[in-house]
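Step one of this worksheet: look at the structure below.
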Amino acid sequence: MDIKHNTPERDEFRATDGADIALWRWPQSKARPTLHWAHATGFHGRLYHPLLDELATDFNVLAWDMRGHGASVGAANLSTFRGWEIYYRDLIALLECLDEPVWLAGHSIGATTSIMAAARRPDKVLGLILAEPVIMDPMQGLKLWLTKLLRQSQRLSLAAGAARRRRVFQSHAAALENYRGRGGFKTWPEAWLNAYVQHAFVPQGDQVQLACAPEWESTTFAHTEHNPWPGIRQLRCPVIALAAERGSTFSPKAQKRLKALLPSADIRILEGTTHFLPMEQKDTVRDAILQLALTGCREN
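Numbering (UniProt numbering) for the sequence shown: 1 to 300.
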């Protein structure tokens, strides 16, 4: 499908603590339903434009830059950060700004945040499309809780790796060359890598610097949600969850438990994918969103 890149307009909304959170709006029409996309840790809303541009034909697409990420870096405050709860509250604040219920979709932390917002404001959410949600089974959650209790969570591999991220490059082109084919980026198509680099860095003198500070990204990983189950139990809306075949943040045991709690949930494992499945199988994610939100049908 050849879709011209639609440039979203920047908007913002006010969080409960008074911080301004950036919100990107694709072209809007009163005749279409609204879909909000929530990105993964360390990323930003406009990274997903290869997917969101296609969805903008059928939806009024919104995508935030989560607190401390992208154009919302001014809302970051490490001294008051106490966990993912702040992200949940931010998304609820956005929902309360909108006139009508919306579809929530997201990747990784964005998917988990969407779950929690839907649990607390069911009147504002039509349904959930979750790409690689961070949903730990009870044993995983207990281990993480103990790690937090012992104040060792900054040593977790993702948190430690994020803290070491290179902050400054000579140019966007230099950053692009550095990431291409390496680490988690090795499975990304070039269009996705370009979208990430274009908006992940801001000018710093004659160089470019990561907008999302490594310290903020690391702290977010260190405070990974260890017990989403109270929120999951409260869900009453349609749910599609897409899990990676390799290295998923949505373990088989967690999938089994979610299905037991939400028998109508549609859980799919996408063959050949990693945690970066929106980049690897964009069309599959797009079709799942269209299927649930526009037809109300689910594959069995």
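Positions of the beta carbon are idealized from the N, C-alpha and C atoms, including for glycine.
These figures come from a predicted structure and were not determined experimentally.
Bridge partners - residue i, DSSP secondary structure assignment
| i | result |
| --- | --- |
| G127 | W103 |
| V239 | L128 |
| V208 | F169 and P203 |
| R67 | None, per the DSSP bridge assignment. |
| N6 | Paired residues: none, contrary to the question. |
| V61 | L35 |
Rounded straight-line distance, which links the Cα of residue j to that of residue i
| i | j | result |
| --- | --- | --- |
| G70 | E215 | 14 Å |
| L290 | M279 | 17 Å |
| G45 | K256 | 30 Å |
| G106 | D206 | 34 Å |
| I135 | P252 | 10 Å |
| G183 | P203 | 25 Å |
| A111 | D90 | 14 Å |
| L231 | R82 | Looking at the sequence itself, residue 231 is Gly, so the reference to Leu does not match. Going from the Cα of G231 to the Cα of R82 covers about 18 Å. |
| I21 | L94 | 9 Å |
| N227 | L235 | 15 Å |
| W192 | N178 | 15 Å |
| C297 | N77 | Summary for C297: the model assigns pLDDT 47, below 50, so the residue's position carries little reliability; its value from the coordinates is reported in the next sentence. Taking the straight line joining both Cα atoms gives about 42 Å. |
| A244 | P189 | 17 Å |
| R286 | M66 | 21 Å |
| G68 | S29 | 30 Å |
| R120 | G127 | 13 Å |
| L294 | E271 | 25 Å |
| E299 | V73 | Confidence at E299 is low in this model, with a pLDDT of 44, below 50, so its placement is unreliable and the value that follows should be read with caution. Rounded to the nearest angstrom, the two C-alpha atoms are 39 Å apart. |
| T113 | F169 | 31 Å |
| Q281 | G247 | 16 Å |
| A19 | Y87 | 12 Å |
| E225 | C212 | 20 Å |
| K124 | M116 | 12 Å |
| E54 | A288 | 13 Å |
| residue 338 | K143 | No information on residue 338 is available, as it lies outside the stretch 1 to 300 that the chain covers here. |
| A38 | F13 | 15 Å |
| I109 | E100 | 24 Å |
| T41 | A31 | 32 Å |
| A254 | L262 | 12 Å |
| K4 | Y48 | Unreliable placement is indicated for K4, whose pLDDT of 47 sits below 50; the coordinate value is still reported in the next sentence. The straight-line gap from Cα to Cα measures roughly 14 Å. |
Run of the alpha helix (DSSP H) containing residue i, from where it starts to where it stops
| i | result |
| --- | --- |
| T113 | I109 to R120 |
| W24 | Here W24 belongs to no alpha helix (DSSP H); instead the beta strand (DSSP E) covers D20 to R25. |
| F250 | Where F250 is concerned, there is no enclosing alpha helix (DSSP H), given that its DSSP letter is neither H nor E. |
| W216 | P214 to A222 |
| L288 | One detail in the question is off: residue 288 reads as Ala in this sequence, not Leu. K282 to L290 is the extent of the alpha helix (DSSP H) around A288. |
| G231 | W229 to R233 |
| Y48 | Element bounds for Y48: n/a, residue is neither H nor E. |
| D90 | E85 to C97 |
Where the beta strand (DSSP E) through residue i begins and ends
| i | result |
| --- | --- |
| L35 | T34 to A38 |
| D137 | Per DSSP, D137 belongs to no beta strand (DSSP E) and is neither H nor E. |
| L270 | D266 to L270 |
| R10 | E9 to R14 |
Residue i beta carbon near the ligand FMN (any heavy atom closer than 7 Å)
| i | result |
| --- | --- |
| W37 | This structure lacks the ligand FMN; in fact it carries no ligand of any kind. |
Residue i versus the options, residue with shortest Cα-Cα distance
| i | options | result |
| --- | --- | --- |
| E132 | R236, F43, T273 and L292 | T273 |
| A15 | W26, F43, E85 and L51 | E85 |
| W26 | L52, A19 and R233 | L52 |
| H36 | A117, E217 and V102 | V102 |
| L23 | S79, R32 and C97 | C97 |
| K186 | V125, F276 and G161 | F276 |
| F221 | K259, Y48, R164 and A118 | R164 |
| E217 | I129, A75, S79 and A162 | A162 |
| Q140 | W229, A211, L292 and M116 | W229 |
| L6 | T57, L292, F43 and A160 | Looking at the sequence provided, one finds Asn at residue 6 rather than Leu. Of the candidates T57, L292, F43 and A160, the one whose C-alpha sits nearest the C-alpha of N6 is T57. |
| D137 | F13, D11 and K259 | K259 |
| A75 | D17, L261, F250 and I269 | D17 |
| S79 | F250, F43 and T219 | T219 |
So does the region 56-65 actually touch the region 232-245, counting three or more Cβ pairs closer than 8 Å?
-> Proximity of the region 56-65 to the region 232-245 falls short of the contact definition, fewer than three beta-carbon pairs being nearer than 8 Å.
Okay, do the region 189-204 and the region 165-175 touch, 3+ Cβ pairs below 8 Å being the bar?
-> They touch, by the three-pair rule.
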